[in-house]
Amino acid sequence: HAERLDGLGTTIFAEMSALAVATGSVNLGQGFPDRDGPDSLLADAIAAIRAGANQYPPARGVPALRQAIADHQKRFYDLTYDPDTEVLVTTGATEAIAAALLAFVEPGDEVIALEPYYDSYAAGIAFAGGRRVPVTLRAPSYRLDLDELRAAVTPRTKVLLINSPHNPTGTVLTDDELRGICAVAIEHDLVVITDEVYEHLVYDGLEHRPLASYDGMAERTVSISSAGKTFAVTGWKIGWVTGSAEVVTAVTTAKQFLTFTSGAPFQPAVANALALGNDYFDALRADLQSRRDLLSNGLADLGFEVHRPAGTYFVTTDIRPLGHTDGIAFCRMLPERAGVVAIPHQVFYDHPDPGRPLVRWAFCKQPEVLEEALARLTKLF
Ligand code: PMP
Ligand code: GLN
Numbered sequence: 004h005a006e007r008l009d010g011l012g013t014t015i016f017a018e019m020s021a022l023a024v025a026t027g028s029v030n031l032g033q034g035f036p037d038r039d040g041p042d043s044l045l046a047d048a049i050a051a052i053r054a055g056a057n058q059y060p061p062a063r064g065v066p067a068l069r070q071a072i073a074d075h076q077k078r079f080y081d082l083t084y085d086p087d088t089e090v091l092v093t094t095g096a097t098e099a100i101a102a103a104l105l106a107f108v109e110p111g112d113e114v115i116a117l118e119p120y121y122d123s124y125a126a127g128i129a130f131a132g133g134r135r136v137p138v139t140l141r142a143p144s145y146r147l148d149l150d151e152l153r154a155a156v157t158p159r160t161k162v163l164l165i166n167s168p169h170n171p172t173g174t175v176l177t178d179d180e181l182r183g184i185c186a187v188a189i190e191h192d193l194v195v196i197t198d199e200v201y202e203h204l205v206y207d208g209l210e211h212r213p214l215a216s217y218d219g220m221a222e223r224t225v226s227i228s229s230a231g232k233t234f235a236v237t238g239w240k241i242g243w244v245t246g247s248a249e250v251v252t253a254v255t256t257a258k259q260f261l262t263f264t265s266g267a268p269f270q271p272a273v274a275n276a277l278a279l280g281n282d283y284f285d286a287l288r289a290d291l292q293s294r295r296d297l298l299s300n301g302l303a304d305l306g307f308e309v310h311r312p313a314g315t316y317f318v319t320t321d322i323r324p325l326g327h328t329d330g331i332a333f334c335r336m337l338p339e340r341a342g343v344v345a346i347p348h349q350v351f352y353d354h355p356d357p358g359r360p361l362v363r364w365a366f367c368k369q370p371e372v373l374e375e376a377l378a379r380l381t382k383l384f
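So, in structure tokens, the structure goes:
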């Protein structure tokens with residue numbers, strides 16, 4: 004195979020979900036909700052199939068969805084986009100990330116990403132021929148060190164690839180951190196690709212603030228989100244990009260030859276869901292916050308050092324208080340020993356050390372499933 008596949012192997016999510024099925028484990032590894040929602044969304048997709056939305060939708064997405072995405076950006080962030088030129092529907096955020104990297108990274112260009120990073124970033128950068136340059140968010144607070152970010156910039160730096168709320172740490176970047184990122188991007192004239200798929204999963208009264216909303220960022224920012232997390236339909240793979248007409252055209256040029264288009268019946272359904280009232284978004288947040296607390300408190304009671312997240316649906320623990328040191332070994336042992344699956348942080352790092360003792364657990368599951376996982380984990384002792 005080609006060199007660009009070196010080191011990519013099989014994603015940890017596929018490996019661990021297969022292990023969960025094979026061992027009958029409670030799967031707190033791969034992040035997907037165990038309830039599909041909301042009902043109106045599911046009904047709208049079924050109705051769209053019946054109504055004949057089964058052929059290729061337009062390359063940039065159906066007009067109703069592009070309009071709904073623009074309306075959503077206006078409603079939540081006061082950002083204005085022209086649905087015809089500044090919005091692109093993609094096959095999940097994953098395709099948007101890959102297409103954005105293909106659109107802006109020349110072979111040999113450097114892409115700075117926050118480490119630990121979501122695993123498709125490494126692949127997307129490799130496919131574009133770029134070189135990834137990690138800036139580490141360190142446990143237990145996972146704050147961004149802006150001096151380290153500045154020091155990572157070289158004349159070859161082309162893109163900052165940012166993710167907040169951040170998978171796997173659950174960190175939500177602060178206003179100061181976001182301002183610092185913007186200052187670096189503007190000073191060095193960088194493109195910022197910002198993955199905001201967890202934009203609605205932010206807890207404790209914190210608010211998500213998109214990078215595109217900061218001064219000087221509109222023309223250099225590729226904003227990415229998707230329906231998977233916000234509407235608990237991760238298998239639908241409806242994502243989107245917003246940005247200037249120039250940025251969106253560049254990403255569209257790459258995207259049209261990856262999948263051209265996808266998800267015809269899901270697109271109108273997601274358009275309606277984006278217009279759901281605030282009660283939907285508030286309930287989603289409140290519900291997930293209570294599950295975060297259930298799992299975090301339970302893991303702390305078991306003796307883990309818990310790094311309670313401000314966003315996403317993942318909580319990270321340090322396993323050293325339990326006498327373990329290696330997250331990969333721990334996660335390989337866990338299904339057999341306890342019947343639970345989790346994800347080792349280490350697979351999301353270039354630096355080998357900072358992620359070694361860290362393990363990520365998904366809490367987007369029914370409370371009784373989380374209780375069952377916690378009960379099983381007592382077998383470790
Ligand atoms: N980015 C991050 C940070 C994620 O956690 C995920 C989750 N799967 C994705 C992108 C991919 O999103 P999608 O399923 O919409 O492709
Ligand atoms: N984003 C989800 C996670 O981090 C799922 C990723 C995947 O299956 N590719 O668990």
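Counting from 1 along the sequence shown, just add 3 to a position and that's the residue number in full-length UniProt numbering. No residue lacks a Cβ here, since even glycine has one placed at the ideal position from N, Cα and C. Keep in mind it's a predicted model, so treat the numbers as computed, not measured.
Between the CA atoms of residue j and residue i - distance to the nearest angstrom
i           : j           : result
residue 99  : residue 285 : 27 Å
residue 367 : residue 176 : 21 Å
residue 196 : residue 30  : 30 Å
residue 249 : residue 219 : 15 Å
residue 306 : residue 283 : 35 Å
residue 167 : residue 232 : 14 Å
residue 183 : residue 311 : 24 Å
residue 2   : residue 340 : As displayed, the chain neither begins before 4 nor continues past 384, which places residue 2 out of reach and without an answer.
residue 374 : residue 365 : 13 Å
residue 27  : residue 342 : 7 Å
residue 385 : residue 241 : Nothing can be reported for residue 385: it is not among the residues displayed for the chain, which extend from 4 to 384.
residue 13  : residue 236 : 23 Å
residue 77  : residue 71  : 10 Å
residue 47  : residue 143 : 42 Å
Near the ligand ADP: residue i beta-carbon under 7 Å from a heavy atom
i           : result
residue 205 : This structure lacks the ligand ADP; its bound ligands are the ligand PMP and the ligand GLN.
Cβ-heavy atom distance, residue i to the ligand PMP, below 7 Å
i           : result
residue 170 : yes
residue 240 : yes
residue 390 : Missing from the structure shown is residue 390; the chain here goes from 4 to 384 and no further.
residue 103 : no
residue 34  : yes
residue 278 : no
residue 229 : yes
residue 97  : yes
Cut-off 7 Å between Cβ atoms - residues of its own chain near residue i, not counting five sequence neighbours on either side
i           : result
residue 216 : 80 and 82
residue 329 : 359
Collapsed DSSP secondary structure at residue i in the structure displayed
i           : result
residue 48  : helix
residue 211 : coil
residue 317 : strand
Which listed residue (the options) has its alpha carbon closest to that of residue i
i           : options               : result
residue 194 : 115, 28 and 262       : 115
residue 108 : 134, 353 and 93       : 134
residue 146 : 313, 381, 380 and 322 : 313
residue 247 : 7, 64 and 86          : 86
residue 16  : 383, 171 and 128      : 171
residue 322 : 185, 296, 237 and 363 : 363
residue 206 : 200, 173 and 188      : 173
residue 169 : 77, 317 and 14        : 317
residue 256 : 273, 12 and 101       : 101
residue 75  : 203, 88 and 189       : 203
residue 268 : 159, 66 and 141       : 66
residue 200 : 49, 190, 191 and 211  : 211
residue 52  : 69, 251, 190 and 266  : 266
Own chain residues within Cβ distance below 6 Å of residue i, not counting five before or after
i           : result
residue 301 : 377
residue 119 : 171, 348, 351, 352 and 358
residue 110 : 132
Contacts around residue i, its chain only, beta-carbon distance under 8 Å, and the 5 residues preceding and following it disregarded
i           : result
residue 327 : 333 and 360
residue 128 : 104, 108, 114, 116, 134, 135 and 164
residue 290 : none
residue 295 : 206, 311, 312, 316, 318 and 366
Residue i: CB within 7 Å of a non-hydrogen atom of the ligand GLN
i           : result
residue 121 : yes
residue 174 : no
residue 366 : no
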